[in-house]
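Q: Questions regarding the structure given below will be posed in turn.
In the numbering used here, the protein residues as written are 1175 to 1536.
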């Protein structure tokens, strides 16, 4: 990163002995003051740890989709390894710099800096874009994904992130709202949240706000929508409605990647995904779900103010569930979403009948 300039005024002067009368020996002439012109701090920066000078490291691409709640140490270590130990940038639109010491403690990096970008003006600042483009790793914090959409979309921040994703191929990840915007299809939440019960009862509820390929261009996530806090907040039904709306309204047979809390899907540069987290009998909600729609199986009944039906003989959407592990659970190829190549999980069919979500094993 560009080296920080410290605002300072340094005056060095040599004086005669004591504070009383002068002696016969004249006092030395004072050295002229050395002045460093004050400069403003880096725009958007709310804190940095480590070396403030820029380094250039060799990076290996990777994506992290984290489901919110407690952060997954193993996923951050996975990203740090791929960063080559370079400069890490945390992006957010609200909150603190709490990620700085946390990430810095998990591995060897040159620096960790948090940028709070909560306006279009900041998102179009050349220095902000420069900091992001020169990062070897970027992580987008949780918050409100509509802030990220409203503040960052169509700006230099968007261009800088897409440069990292598609050209520099640095590791990029996000949790909760930061994960929500990584798919090329995304739910904005701009008018308010939507529960599964509400979405299933009315798939055209005004809070079902979906966007199509107008923001980030993450590898492997073209025509993919993500969801987070998955089982904890019972979001399976709403993600089915999102996929059904995308298929009906845009004729896109989309894919979905949904992640529980305390869980992270780590996708390497070849497109192989593993699921990191803490799955156990006492902490069962630590899974990832890979959802696949079929262009020939459109929803039978998706209408405003009418309970949804997307049945197709109870085989509307194919779902592969992988439980997390500390060392990375399962394998899933997101280049083709093939269940036959997947391992370490179970396959299901999900469907909707008159507003009720149905699940059965394949």
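Glycine included, C-beta positions come from ideal geometry on N, C-alpha and C.
Measure the alpha-carbon distance for residue 1467 versus residue 1445 and round it to whole angstroms.
A: 19 angstroms
Q: Once the 5 residues before and after residue 1477 are set aside, which same chain residues still bring their CB inside 8 angstroms of it?
A: 1377 and 1378
Q: Taking 8 angstroms as the threshold, find out whether the region 1270-1280 comes into contact with the region 1323-1333 through three or more Cβ pairs.
A: no
Q: Going by CA-CA distance only, name the one from 1310, 1472, 1414 and 1473 that's closest to residue 1399.
A: 1414
Q: Suppose the cutoff is 7 angstroms on Cβ atoms and the five residues either side in sequence are ignored; what does the same chain contact list for residue 1259 look like?
A: 1231, 1282, 1283 and 1284
Q: Compute the distance between the beta-carbons of residue 1352 and residue 1289, then report whether it is under 7 angstroms.
A: no
Q: So residue 1343 packs on residue 1443, CB below 8 angstroms; how close in whole Å?
A: 7 angstroms
Q: Sorted by chain position, which residues of the same chain lie with C-beta nearer than 7 angstroms to residue 1214's C-beta, five sequence neighbours on each side aside?
A: For residue 1214, the predicted model reports a pLDDT of 48, less than 50, meaning its position is unreliable and no value from the coordinates is stated.
Q: Going straight from the alpha carbon of residue 1401 to that of residue 1489, what length do you get?
A: 21 angstroms
Q: Could you work out which residue in 1318, 1438, 1410 and 1228 is closest to residue 1261 when comparing CA atoms only?
A: When C-alpha distances from residue 1261 are compared across 1318, 1438, 1410 and 1228, the shortest belongs to 1228.
Q: Could you give the residue range of the beta strand (DSSP E) that holds residue 1531?
A: Per DSSP, residue 1531 belongs to the beta strand (DSSP E) from 1530-1535.
Q: With C-beta atoms as the reference, is residue 1420 less than 7 angstroms away from residue 1464?
A: no
Q: Decide if residue 1330 is buried, meaning its Cβ has at least 16 other Cβ atoms within 10 Å, or exposed.
A: Residue burial annotation: residue 1330 is buried, with at least 16 other C-beta atoms found within 10 angstroms of its C-beta.
Q: At the level of alpha carbons, what is the spacing between residue 1433 and residue 1462?
A: Within the model, the alpha-carbon separation for residue 1433 versus residue 1462 is close to 5 angstroms.
Q: Three or more C-beta pairs closer than 8 angstroms, one from the region 1517-1536 and one from the region 1493-1501: is that the case here?
A: yes
Q: Quick check on residue 1319: does DSSP put it in helix, strand or coil?
A: helix
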